[in-house]
Amino acid sequence: IKGRSRAFILGLVIPLGALAGGLLLLGVRQGVVSVSVLFVAGILIAGIYIFAMLRVRREYSHAFARLLADGEMAFLASGQDAFTRPDPSVINALTARLLASDSPELTVFLAEMLYELQGPASFPQLRDIALAGDPIVEAELIKLLGREWIGHPTVLTMCMDGLRRDQGTVQIAAVRALATLPEIHATESVLAEFRRLVHAPDDSVCAAVLPTLLRSDNAADKTLAQAALDKWLTPEADRAHRMLALNALAESGDEALLERVKPFILDPAETVRRQALRLLGGLIEETDDATVRRDALALLVSFLSDADEFVRLAAVKTVGDLHDPSTGPALWPLLSEPDFTIRHQACLAFPPTMQNALHDAATAADPLLAESAAYVLVSTLGQTRHMPLIHEHITARLHDIVTLQRHVTATA
């Protein structure tokens, strides 16, 4: 009705009004119609347009009222169910395609579609597909359903079955889903399986259950998890196990995380050091203890002088995310860092402090420090009077680039 009304106004009333107005203007120009007649006709055309609008609106209101009175709009009161009830033929076709699929990726995709269409009604069929399918399919379906439906009996059974599989990907997916159970520490059947998996052949599976056991109120569970961690936190442990241990500690929210991380500041593996600094950054953001925050920040800024450039870059980004004004002195040496990426990140992370030192450094003999200081003053602190310094540095850089390009061309 509304669409037809709009079409009537746009397709008939407005064109006729425009035609009448055009004819009147032509008549005035030819001297056939006087200006007073044009004025009266304009008012009349406007009145007709307003009358048509009001009449259409009135008819639309009456039609809508009749729909409500006749109950023809009752489907609006049925809620979401009216729009989520799928066509049985669609479900049958999708199910047939799902059962015929021999590709794990396609099976997962079709299973997700079936879940979106049917919701919990699809759980029994998805469970059967998971049990009969590829481990990839089972792991992905556990992830899909376990996120929101871990309390559903079918999904819970599906995850418990996943713990008993031989494939690590399925076991880890089941562990992560079951770890979200609200009453997991009171669910002995789940905890018993987690204790068993501490001794799993796949160390990734063992690492997945450790955070839950570390958070347990049961002293025996904590002791069991700590014993597994202690083996991985020794200097003799390889890099992969040290990474697993740090990840488990981070997920557990262990109060002793700060002391645990300290030995890894000088770890020989740069990937382990990067993981340690990420854990420190997370601890600083989450803790409410001022002492813990101060000590963790002191450890974090020590990574700014790490020998590895990737560790330094990760440290600068982590420090910048904290927006702590006390990090200025620690970031200062990086304003003259030879690596441009690190230097640029240090400029972005530099807090709005030490303005006097920045003013002095903007004209320093060190071109890298002067460039960084001018950039911080202009971009971070908004001091546009230093813009000429930025232009000078850009000009110098362009000269260097042109010179380098000519050298490359000459020696090619």
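Residues 49 to 460 (the numbering used here) are what the sequence shown spells out, left to right. Note that beta-carbon positions come from the ideal geometry of N, C-alpha and C, so glycine has one too.
Enclosing alpha helix (DSSP H) for residue i [first to last residue]
| i | result |
| --- | --- |
| P259 | D251 to L262 |
| I190 | P183 to W197 |
| A275 | A267 to W280 |
| Q215 | Q215 -> no alpha helix (DSSP H), and no H or E assigned at all. |
| V238 | E236 to L245 |
| D176 | F171 to A180 |
| R138 | This sequence places Val at residue 138; Arg is not what is there. Its alpha helix (DSSP H) spans residues P136 to A148. |
| S420 | P415 to Y423 |
CB-CB length for residue i against residue j, believed under 8 Å
| i | j | result |
| --- | --- | --- |
| D182 | P152 | 4 Å |
| E318 | F351 | Contact flag wrong, Cβ pair sits at about 10 Å. |
| A248 | V218 | Going by Cβ atoms, the distance from A248 to V218 rounds to 12 Å, so no, they are not a contact pair. |
| S420 | R391 | 6 Å |
| L189 | A180 | Rounded, the Cβ-Cβ distance is 11 Å, inconsistent with contact. |
| L211 | E241 | 5 Å |
| I93 | G65 | 5 Å |
| G329 | T366 | 4 Å |
| C254 | A268 | 17 Å between Cβ atoms; not a contact. |
| M402 | G368 | With 8 Å as the limit, M402 and G368 do not qualify as a contact, their Cβ atoms being about 15 Å apart. |
| T143 | V185 | No, T143 and V185 are not in contact; Cβ-Cβ is about 15 Å, not under 8 Å. |
| S252 | L292 | 7 Å |
| W197 | P172 | Actually they are not in contact, since the Cβ atoms of W197 and P172 sit about 13 Å apart, beyond 8 Å. |
| D315 | R290 | 7 Å |
Own chain residues within Cβ distance below 7 Å of residue i, not counting five before or after
| i | result |
| --- | --- |
| V424 | C395, F398 and L406 |
| L306 | L331, V340, D343 and A344 |
| V257 | V223, F242, L245 and V246 |
| S137 | none |
| L72 | V81, L86 and A89 |
Cutoff 8 Å: residue i Cβ touching any chain D Cβ
| i | result |
| --- | --- |
| W280 | Chain labels in this structure do not include chain D; a single protein chain is all it has. |
Where residue i sits in the DSSP three-state scheme
| i | result |
| --- | --- |
| S84 | helix |
| D408 | helix |
| H200 | coil |
| L297 | helix |
| M402 | coil |
| E153 | helix |
| G79 | coil |
| A228 | In the sequence under discussion, the amino acid at residue 228 is Thr, which differs from the Ala named in the question. Looking at T228 - three-state DSSP - the assignment turns out to be coil, as it is neither helix nor strand. |
| L67 | helix |
| E284 | coil |
| P168 | helix |
| D209 | helix |
| A317 | coil |
| A248 | coil |
| S427 | helix |
Sequence-distant residues of its chain with Cβ nearer than 6 Å to residue i (five each side left out)
| i | result |
| --- | --- |
| S170 | L162 and Y163 |
| L193 | V203 |
| A285 | none |
Residues of its chain near residue i, where Cβ-Cβ distance is below 8 Å and the 5 sequence neighbours each way are ignored
| i | result |
| --- | --- |
| I313 | R321, A324, L347, S350 and F351 |
| I232 | L226, V238, L239 and T260 |
| V364 | L352, L379, L382, I390, Q393, A394 and A397 |
| R145 | L158 |
| D336 | none |
| A68 | A89 and I93 |
| T205 | R175 |
| I139 | L162, L165 and Q166 |
| L416 | L383, S384, E385, P386 and R391 |
Check: Can you list the alpha helix (DSSP H) stretches of 4 or more residues lying completely in the segment 344 to 392, in chain order?
Finding: Whole alpha helix (DSSP H) segments, 4+ residues: 357 to 370 and 376 to 379.
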